[in-house]
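J.: Structure provided below as structure tokens; questions to follow.
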Amino acid sequence: MERLIDPFARPISYLRVSVTDRCDFRCTYCMAEHMTFLPKKDLLTLEELDRLSSTFIRMGVEKLRITGGEPLVRRDIMQYFRAMSRHLESGALRELTLTTNGSQLARFADQLADCGIRRVNVSLDTLDPDKFREITRWGRLDQVLEGVRAATRAGMRVKINTVALKGFNEDELFTLLDWCAAEDHDLTFIEVMPMGEMGEEMRLDQYWPLKDLRGRLAERFTLTDLAERTGGPARYVRIEETGQKVGFITPLTHNFCESCNRVRVTCTGELFMCLGQEDMADLRAPLRASPDDALLEEAIRAAIARKPKGHDFDYSRQTVRGQVSRHMSHTGG
Ligand code: SAM
15 MERLIDPFAR PISYLRVSVT DRCDFRCTYC MAEHMTFLPK KDLLTLEELD RLSSTFIRMG
75 VEKLRITGGE PLVRRDIMQY FRAMSRHLES GALRELTLTT NGSQLARFAD QLADCGIRRV
135 NVSLDTLDPD KFREITRWGR LDQVLEGVRA ATRAGMRVKI NTVALKGFNE DELFTLLDWC
195 AAEDHDLTFI EVMPMGEMGE EMRLDQYWPL KDLRGRLAER FTLTDLAERT GGPARYVRIE
255 ETGQKVGFIT PLTHNFCESC NRVRVTCTGE LFMCLGQEDM ADLRAPLRAS PDDALLEEAI
315 RAAIARKPKG HDFDYSRQTV RGQVSRHMSH TGG
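Everything in the sequence shown is counted per our numbering, starting at 15 for the first residue and increasing by one.
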């Protein structure tokens with residue numbers, strides 16, 4: 015089958031799929047405490063998720079990242095991971111991975127490793143149990159740390175993703191770094207975006223630009239920029255003194271557009287071609303219209319033909335920030 019290539023000659027090799035809008039945490043920067051979730055009929059079924067992901071894989075996707083909401087709270091989700099592992103076995107898929115809050119990892123780590131998952135991203139903003147409860151509202155730090163240990167024991171590499179929050183985890187910068195070094199986890203910082211229930215004032219208070227965070231690291235360590243590119247908004251440095259690799263994700267910058275190889279699908283089957291643009295294609299209708307995948311393939315090709323060159327927007331505009339954050343909440347970061 016002809017591979018998916020967009021109008022700017024970028025092959026589409028990375029797909030991020032959100033399998034649920036539900037989560038067992040209520041991180042203040044992400045969700046309101048009392049959320050109204052989507053009715054079940056709107057969500058893609060596990061079979062539909064399989065058909066959709068497998069179609070993208072036939073069309074050239076080699077890396078599949080599962081996200082949410084919290085992917086591991088979706089009922090019977092292991093059925094989907096097991097189904098996807100057949101593409102690893104066939105060699106069509108190079109990597110199957112997930113982004114999780116870690117709360118259910120202790121339960122699922124062995125099964126995930128059995129499905130061929132080698133790396134998992136765990137979101138963790140603090141190592142202080144009280145602060146953890148404060149930021150996640152409903153989460154327990156010990157449960158997540160147990161999940162991280164279970165993942166490591168099962169043979170998976172864990173990357174920690176930390177949202178940088180001024181006045182919240184600023185004082186833990188080196189604690190987090192040292193812990194990751196001791197446990198041999200990679201660490202990536204994410205710049206906070208305006209979402210969740212935080213009021214505008216509090217948000218401004220919590221905005222900690224990653225260039226400032228990087229400056230703080232550079233006061234203590236020698237940082238070398240790494241050429242490594244993922245096609246996404248992450249940049250990496252090596253800390254020469256410890257050999258650690260640290261990543262920085264700045265979702266609102268657009269300096270990665272030229273090499274953008276990725277698209278996202280929400281749990282209702284909306285395909286977003288660009289993090290910074292509203293345009294999307296509904297894949298649920300073609301999935302449900304026919305048991306054969308021809309209509310779905312056609313809809314995917316038509317959408318990729320519209321993938322824009324880049325974000326192409328004025329970052330000072332509030333609407334743009336709102337736009338990107340809507341993407342994050344709908345498509346799992
Ligand atoms: N539940 C999973 C998890 O915790 O990783 C997957 C979904 S979560 C939306 C994906 C990532 O987005 C997490 O690392 C989370 O911290 C991040 N995120 C959520 N809201 C954000 C915001 N306002 N700014 C920056 N990152 C955010």
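Backbone N, C-alpha and C define an ideal beta-carbon position, used for all residues, glycine too.
Could you name the residues of the same chain whose beta carbon sits closer than 8 Å to that of residue 273, not counting the 5 residues immediately before and after it, in chain order?
T.: Answer for residue 273: 24, 243 and 245, listed in chain order.
J.: Tell whether a beta-carbon distance below 8 Å holds between residue 204 and residue 176.
T.: Yes, the pair counts as a contact, with Cβ atoms nearer than the cut-off.
J.: Please state whether the Cβ-Cβ distance between residue 224 and residue 195 is less than 8 Å.
T.: no
J.: What is the rounded straight-line gap between the Cα of residue 248 and the Cα of residue 54?
T.: A direct Cα-Cα distance of roughly 33 Å separates residue 248 from residue 54.
J.: Can the beta-carbon of residue 261 be found less than 8 Å from the beta-carbon of residue 198?
T.: no
J.: How would you label residue 188, buried or exposed, when you count the other beta carbons within 10 angstroms and need 16 or more for buried?
T.: Residue 188 is exposed by the Cβ-count criterion.
J.: By alpha-carbon positions, which one of 68, 82 and 71 ends up nearest to residue 282?
T.: Ranking 68, 82 and 71 by Cα distance to residue 282 puts 82 first.
J.: Suppose the cutoff is 7 Å on Cβ atoms and the five residues either side in sequence are ignored; what does the same chain contact list for residue 221 look like?
T.: 180 and 206
J.: For residue 296, does the three-state DSSP call read helix, strand or coil?
T.: Looking at residue 296 - three-state DSSP - the assignment turns out to be strand.
J.: Measuring only the C-alpha atoms, how far is residue 87 from residue 230?
T.: Per the coordinates, the alpha-carbon of residue 87 lies some 36 Å from the alpha-carbon of residue 230.
J.: Quick check: the stretch 25 to 37 against the stretch 87 to 100, are there 3 or more CB pairs under 8 Å?
T.: Counting C-beta pairs closer than 8 Å gives three or more between the stretch 25 to 37 and the stretch 87 to 100, which meets the contact rule.
J.: Is the separation between the beta-carbon of residue 80 and that of residue 275 shorter than 8 Å?
T.: no
J.: Relative to the ligand SAM, is the shortest distance from any of its heavy atoms to the C-beta of residue 349 smaller than 7 Å?
T.: One cannot answer for residue 349 here, as it falls past the ends of the chain, which runs 15 to 347.
J.: Is there at least one non-hydrogen atom of the ligand NAP closer than 7 Å to the beta-carbon of residue 284?
T.: The model depicted lacks the ligand NAP and carries the ligand SAM instead.
J.: Grab the span of the beta strand (DSSP E) containing residue 257 for me, first residue to last.
T.: Run containing residue 257: none; DSSP gives neither H nor E here.
J.: Under 7 Å Cβ to Cβ from residue 22, same chain only, skipping five residues before and after it: list those, please.
T.: 323
J.: Roughly how many whole angstroms lie between the Cα atoms of residue 69 and residue 313?
T.: Distance between the alpha carbons of residue 69 and residue 313 is about 11 Å.
J.: Can you find a heavy atom of the ligand SAM that lies under 7 Å from the Cβ of residue 49?
T.: no
J.: Measuring from the CB of residue 207, is there a heavy atom of the ligand SAM at a distance below 7 Å?
T.: yes
J.: At a cut-off of 7 Å, is residue 254 close to the ligand SAM when judged by its beta-carbon and the heavy atoms of the ligand?
T.: no
J.: With contact counted as at least three CB pairs below 8 Å, one residue from each stretch, are the stretch 249 to 268 and the stretch 50 to 64 in contact?
T.: Using a C-beta cut-off of 8 Å, the stretch 249 to 268 makes no contact with the stretch 50 to 64, since fewer than three inter-stretch Cβ pairs fall below that distance.
J.: Within a Cβ cutoff of 6 Å, which residues of the same chain sit near residue 20, ignoring the five residues on either side of it in sequence?
T.: 318 and 321
J.: Helix, strand or coil for residue 303? Go by DSSP, reduced to three states.
T.: helix
J.: Could you give the distance in angstroms between the alpha-carbon of residue 103 and the alpha-carbon of residue 143?
T.: One alpha carbon belongs to residue 103, the other to residue 143, and they sit about 40 Å apart.
J.: Which runs of the beta strand (DSSP E), 3 residues or longer, sit entirely within the stretch 64 to 115?
T.: 77 to 81 and 109 to 114
J.: Would you tell me roughly how many angstroms separate the C-alpha atoms of residue 239 and residue 71, rounded to the nearest one?
T.: 32 Å
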